[in-house]
Amino acid sequence: MKKSRIRNFDQGVLMKSNKIFKNALLIIVACFALSACATSKKSTGQMQGDVYTGTDTVEYLASGVPDRVFFATNESVLTTASRETLRKQAAWLRKNSDITVVLEGHADERGTREYNLALGERRANAAKDYLMTYGISSDRISVLSYGKERPVDSGSNPLAWSKNRRSVTVKAN
Amino acid sequence: MKKILSIIFLFVILPLKVSALIEVDITRGNLNPLPIAVSPLSIDENSKKSFEKILNKKNIGSEISLVVEKNLKISGLFNPLNKDAFLQSPDIANLKPRFEDWNLIKAQALITGKVNFIDNKLRVEFRLWDILAGKEMMALAFTTVPNNWRRVGHIITDKVYERLTGEKGYFDTRIIYVAEEGPKTRRIKKLAIMDQDGANNKFLTLGNELVLTPRFNPTSQMVTYLSYFRNLPRVYLLDIETGMQEVVGDFPGMTFAPRFSPDGKKIIMSFAKDGNSDIYTMDLENRIVEKITNHPSIDTSPSYSPDGKYICFNSDRSGYQQIYIMKKDGSNVKRISFGRGLYGTPVWSPRGDLIAFTKLHKGKFYIGVMRTDGSGERLLTENFYQEAPSWSPNGRVLIFYRETKTDDKGEGFSAKLWSIDLTGYNERQVNTPTDASDPSWSSLLSN
Numbered sequence: 032m033k034k035s036r037i038r039n040f041d042q043g044v045l046m047k048s049n050k051i052f053k054n055a056l057l058i059i060v061a062c063f064a065l066s067a068c069a070t071s072k073k074s075t076g077q078m079q080g081d082v083y084t085g086t087d088t089v090e091y092l093a094s095g096v097p098d099r100v101f102f103a104t105n106e107s108v109l110t111t112a113s114r115e116t117l118r119k120q121a122a123w124l125r126k127n128s129d130i131t132v133v134l135e136g137h138a139d140e141r142g143t144r145e146y147n148l149a150l151g152e153r154r155a156n157a158a159k160d161y162l163m164t165y166g167i168s169s170d171r172i173s174v175l176s177y178g179k180e181r182p183v184d185s186g187s188n189p190l191a192w193s194k195n196r197r198s199v200t201v202k203a204n
Numbered sequence: 548m549k550k551i552l553s554i555i556f557l558f559v560i561l562p563l564k565v566s567a568l569i570e571v572d573i574t575r576g577n578l579n580p581l582p583i584a585v586s587p588l589s590i591d592e593n594s595k596k597s598f599e600k601i602l603n604k605k606n607i608g609s610e611i612s613l614v615v616e617k618n619l620k621i622s623g624l625f626n627p628l629n630k631d632a633f634l635q636s637p638d639i640a641n642l643k644p645r646f647e648d649w650n651l652i653k654a655q656a657l658i659t660g661k662v663n664f665i666d667n668k669l670r671v672e673f674r675l676w677d678i679l680a681g682k683e684m685m686a687l688a689f690t691t692v693p694n695n696w697r698r699v700g701h702i703i704t705d706k707v708y709e710r711l712t713g714e715k716g717y718f719d720t721r722i723i724y725v726a727e728e729g730p731k732t733r734r735i736k737k738l739a740i741m742d743q744d745g746a747n748n749k750f751l752t753l754g755n756e757l758v759l760t761p762r763f764n765p766t767s768q769m770v771t772y773l774s775y776f777r778n779l780p781r782v783y784l785l786d787i788e789t790g791m792q793e794v795v796g797d798f799p800g801m802t803f804a805p806r807f808s809p810d811g812k813k814i815i816m817s818f819a820k821d822g823n824s825d826i827y828t829m830d831l832e833n834r835i836v837e838k839i840t841n842h843p844s845i846d847t848s849p850s851y852s853p854d855g856k857y858i859c860f861n862s863d864r865s866g867y868q869q870i871y872i873m874k875k876d877g878s879n880v881k882r883i884s885f886g887r888g889l890y891g892t893p894v895w896s897p898r899g900d901l902i903a904f905t906k907l908h909k910g911k912f913y914i915g916v917m918r919t920d921g922s923g924e925r926l927l928t929e930n931f932y933q934e935a936p937s938w939s940p941n942g943r944v945l946i947f948y949r950e951t952k953t954d955d956k957g958e959g960f961s962a963k964l965w966s967i968d969l970t971g972y973n974e975r976q977v978n979t980p981t982d983a984s985d986p987s988w989s990s991l992l993s994n
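Same order as they appear, the protein sequences are chains A and B.
Under our numbering, the first residue of the first sequence is numbered 32, with each subsequent residue one higher.
Under our numbering, the first residue of the second sequence is numbered 548, with each subsequent residue one higher.
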């Protein structure tokens, strides 16, 4: 689609001059669209944007039920993938109604300690809220923020930081 | 409780006749530190032997003067001269310095003194001399228990600093901090306390649970901090003298980011519940809790103004971490940080005129200061990671911690304490036996 617009433009330049302005607009739009795609789809294979998408650090509560979800820098918004993971956790928790869990919220090392404690709490609660909308009682979920105190990856690079921005569901009993 | 401060001072202030000619300007970065000679405190043979028995130090007079010398050097404002060049013996110099001799080695000021062992006590007198004017500037004597000998050195430094700069010193103080060890992913953290110069380091907790952000009360006898005891992150109080700990922020959620009010009667802290952090105070006498902020954003890192009328704090209500101030009851909230980047950890200076902060901009961390209306922002130091400034009691120096970047294998992590003058000069590492973070500076202990 975008490529064809560019082709249109190429032809447009050769065609009538009164179309040049309109087509110039088109190419600007196309450039924006392309560059937007370029950033949002930028992927090292393990990150989308700066949200971790790999499985290196992930453990499983049960077969096919990942224990953690990941966040963008300074964010506590659940991604599509995170919501899918949490739905699996909710289904597993519904099947195992005697199990209670602790949601451990974490931040990366690139923030002040106290703010990160609050951010970890906000992330874990985002996960908790989602589990509750899928029918898990709040009595079964407690929240514990570690801020930046317990990284899983000790690296000082964007990939390591993306693994550390997480909420991990841990069996409490 | 006051035992730890049970130093007995009998200040005998001898008359001063002179107006000072030398002065040290501490408002500018001092690139020409004042040359000062610290003559070893003279001591008679009997006193020497008595102190050696008690303190296991061969010459306590020299030891005390070394404490003074090191303090002066670390302040960045003074250049203590090499003792090898001193021509006059300590005892004679203390009676009457030959000013020409001291002038010859380019000293502008001279500290002399003597130590005596009297009734099992340490008696010290010291004098500060203006070499160019050829006059005595100050003479002071005091008596204390021998074990306090390092504090004697700190107090002498405070008096000299005050006489020459016109401002209170910060040497008879202590630092409480978090001692760290172990791998980055499983750090063991303990509360630790030491003298401002790194001596007398002592661990206050065992490291069984995670502890963070200790802060002194105004008399420096109590500490409030965050402990993960039983995996419940809560604000605690610790009495340094008795070792008694008690939880003060036991609400159903996490309490964190504690600090004392300037009168020491309240603790202000964050309380996080259901994904929202707000600021609360607790009165330590009647345990009455008040909610100060009420906003769906993160409100944390509160710090009172020295008069207790205002609170500065950190909030992301604008979308990102910024610094705000408000009245002590939570009214009149006003954002004061408007520069580029994120701002955190605001701390009100003991003088009341400035707020120190951490700033994150383009992947770098800065320690800076701004006026309380947000104007006059000055960044003092830039690094890969640093945060959590704490003021010296005279508001001239900031102590903070700095972490290193790890290598490709995730190794090489360290956390250390650093200090820097308000001028942006005299940045130096503060030595600790282990890795260290979250420093908090005490008040002057001898006041």
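The beta-carbon is built from N, C-alpha and C at its ideal position, and this holds for glycine as well.
This structure is a prediction, so every number in the text was calculated from the model and none was measured.
A:Tyr161 is positioned such that its CB atom lies no closer than 8 Å to that of A:Glu135. Near chain B, meaning a CB-to-CB distance below 9 Å, the residues of the stretch 87-108 of chain A are Asn105, Ser107.
Chain B places no beta carbon closer than 8 Å to that of A:Leu190, leaving this residue out of the contacts. Distance from the CA atom of A:Leu92 to the CA atom of A:Leu124, rounded to whole angstroms, is 10 Å. Not one beta carbon of chain A lies nearer than 8 Å to the beta carbon of B:Lys838. In the structure shown, A:Ser198 adopts extended strand secondary structure according to DSSP, grouped into three states. The beta carbon of A:Asn204 lies closer than 7 Å to those of Ile130, Thr131 in the same chain, with the five residues before and after it left out. Not a single C-beta of chain A is nearer than 8 Å to the C-beta of B:Phe798. With respect to the 8 Å criterion, B:Phe860 and B:Pro843 are not classified as neighbours on the basis of their beta carbons.
Using a 10 angstroms sphere on the CB of B:Asn695, the tally of other CB atoms reaches 16 or more, which defines it as buried. Counted as a single uninterrupted DSSP element, the beta strand (DSSP E) harbouring B:Glu728 occupies residues 721-728. In this chain, B:Tyr913 is not harboured by any alpha helix (DSSP H); it is covered by the beta strand (DSSP E) spanning 911-918. Here B:Phe776 has Glu756 as same chain residues with Cβ atoms under 7 Å from its own Cβ, once five neighbours each way along the sequence are excluded. If you check each beta-carbon in the stretch 954-965 of chain B against every beta-carbon of chain A, the ones closer than 7 Å belong to Gly957, Phe960. One alpha carbon belongs to B:Arg698, the other to B:Trp965, and they sit about 22 Å apart. Contact holds between the stretch 185-202 of chain A and the stretch 86-102 of chain A, because three or more Cβ pairs, one in each stretch, are under 8 Å apart.
Between the alpha carbons of B:Leu642 and B:Gln635 lies a distance of about 11 Å.
For A:Tyr161, there is no enclosing beta strand (DSSP E); the residue is part of the alpha helix (DSSP H) that begins and ends at 144-164. With respect to the 8 Å criterion, B:Ser622 and B:Leu588 are not classified as neighbours on the basis of their beta carbons. The distance from the Cβ of B:Ile583 to that of B:Pro627 is about 6 Å, consistent with a contact at the 8 Å cut-off. Cα atoms of A:Leu148 and B:Asn667: separation of roughly 51 Å, rounded to the nearest angstrom. For A:Tyr146, the nearest CB of chain B lies under 8 Å from its own CB, placing it at the interface with that chain. Ranked by Cα distance from B:Gly660, the options B:Lys952, B:Glu610, B:Ser817 are led by B:Glu610. A direct Cα-to-Cα measurement between B:Leu624 and B:Asn618 gives close to 10 Å.
Three or more beta-carbon pairs separated by less than 8 Å link the stretch 716-734 of chain B to the stretch 971-982 of chain B, which places the two stretches in contact. When only Cα atoms are considered, B:Lys856 and B:Arg925 end up about 25 Å apart. Fewer than three Cβ pairs drawn from the stretch 736-750 of chain B and the stretch 645-659 of chain B lie within less than 8 Å of each other, which leaves the two stretches out of contact. In this structure, B:Ala686 and B:Val671 do not form a Cβ contact; the two beta carbons are roughly 12 Å apart against a cut-off of 8 Å. Residue environment for B:Thr704: buried (at least 16 other C-beta atoms within 10 angstroms of its C-beta). Taking the CA atoms as reference points, B:Thr691 sits about 51 Å from B:Asn841.
Boundaries for B:Pro849: no alpha helix (DSSP H) harbours it, while the beta strand (DSSP E) harbouring it runs 846-851, taken from the DSSP string. Per DSSP, B:Val615 is one residue of the alpha helix (DSSP H) stretching across 607-622. Taking the C-beta atoms as reference points, A:Leu150 is found no nearer than 8 Å to B:Ile967.
Excluding five sequence positions before and after B:Gln868, the CB atoms of its chain that fall closer than 7 Å to its own CB belong to Asn861, Leu889, Tyr890, Gly891, given in chain order. At a cut-off of 8 Å between beta-carbon atoms, A:Val199 makes no contact with chain B. The beta carbon of B:Met873 is closer than 6 Å to those of Ile858, Asn879, Val880 in its chain, skipping five residues each way along the sequence.
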